[in-house]
Structure formats: C-alpha cells, structure tokens
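Visitor:
Residue numbers (the numbering used here): 276 to 409.
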C-alpha cells in the first residue's frame with residue numbers, strides 16, 4: 276500500500292484529500308506547513324508527496340526544491356496543487372513531477388497519482404533528477 280503525504284494548510288482540503296486517498300486504498304497522512312512536511316519526509320519517506328504550493332512557514336516551492344536537493348528524497352514523486360492558470364508549464368521550473376489545478380477533480384487526481392507511482396517503479400525519473408544526481 277503506497278504512502279502519500281498531503282501537505283496543505285487548508286484543513287478542509289487536507290481532510291477531503293485524506294478521505295479520498297484512504298478510500299482509494301492508500302495510506303495517507305497530512306502536514307499543515309512546509310517545515311513539518313520536510314520533517315515528515317525525512318522521518319517517514321512517503322511514496323508520493325501531494326504538495327500545495329502556497330504554504331506557511333516554508334513554501335511549497337521551497338519544499339520541492341529541498342526535497343530535490345536531498346539524495347534521500349529526490350526520488351519521491353511530487354504532485355503539486357495550485358490555482359495557477361497554466362500549471363503544466365511550470366512543472367519543470369518548480370521541480371515537481373506533475374501539477375494539478377484547483378479546484379481539484381478527484382478522478383483526475385487519482386489518475387495522476389497512479390501514473391506517478393507507476394513511473395517511480397518503471398523508470399529512473401524525470402531528467403532533472405538524473406541531472407542533479409551527479
């Protein structure tokens with residue numbers, strides 16, 4: 276059973292996502308800010324991070340950057356959540372594997388999560404992970 280960390284400071288969104296993930300057969304945990312998310316990843320090494328980009332304490336952008344710089348977490352897929360109009364254009368810049376737009380379509384979210392978890396099993400990851408590994 277894949278372990279997914281939800282990072283969102285909006286408790287209603289976090290609860291909705293946790294409920295959806297649990298019903299979908301995943302183990303899910305949540306953290307309300309970027310600092311706690313980084314600590315959680317360091318201790319528990321989830322299989323995927325579902326990350327809001329607008330967070331208190333440490334932003335989602337900074338969380339993604341730090342996870343990619345750390346050899347122990349750079350392999351973990353990051354699915355960012357944003358209200359940006361053209362989110363897919365920013366995935367490489369933000370150092371995330373994929374971006375989903377708010378309001379969240381749960382069916383689409385489930386498909387993206389499945390794709391990302393499958394990718395981590397079948398491939399070495401996005402090119403920027405390989406480039407930063409050396």
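Backbone N, C-alpha and C fix where the C-beta goes; we use that ideal spot for every residue, glycine too.
(1) Since residue 323 and residue 288 should fall inside the 8 Å C-beta cutoff, what is the C-beta to C-beta distance between them, to a whole number of angstroms?
(2) So the beta strand (DSSP E) residue 327 belongs to, where does it begin and stop?
(3) Which one of 338, 298, 391 has the shortest CA to CA distance from residue 306?
(4) Which stretch, first to last residue, makes up the beta strand (DSSP E) that contains residue 353?
(5) Spell out the partners DSSP gives residue 303 in its beta bridges.
(6) Using beta-carbon positions only, say whether residue 302 and residue 278 come within less than 8 Å of one another.
(7) Return the bridge partner residues of residue 286 from the DSSP annotation.
(8) How would you label residue 327, buried or exposed, when you count the other beta carbons within 10 angstroms and need 16 or more for buried?
(9) DSSP puts residue 375 in a beta bridge; with which residues?
(10) Please report the Cβ distance between residue 374 and residue 355, rounded to the nearest whole angstrom; I am assuming they are in contact, meaning their Cβ atoms lie under 8 Å.
(11) In angstroms, rounded to a whole number, what distance separates the CA positions of residue 371 and residue 349?
(12) I need the straight-line Cα distance from residue 378 to residue 291, nearest angstrom please.
Guide: Checking against the coordinates, here is how it stands:
(1) Not quite, the Cβ-Cβ distance comes to about 17 Å (not below 8 Å), so this is no contact.
(2) Per DSSP, residue 327 belongs to the beta strand (DSSP E) from 323–327.
(3) 338
(4) 353–357
(5) 279
(6) Between residue 302 and residue 278, the C-beta spacing is below 8 Å.
(7) Beta-bridge pairing links residue 286 to no other residue.
(8) buried
(9) In the DSSP output, where bridge partners are listed per residue, residue 375 has 356.
(10) 5 Å
(11) Distance between residue 371 and residue 349, taken at the CA atoms: about 10 Å.
(12) 12 Å
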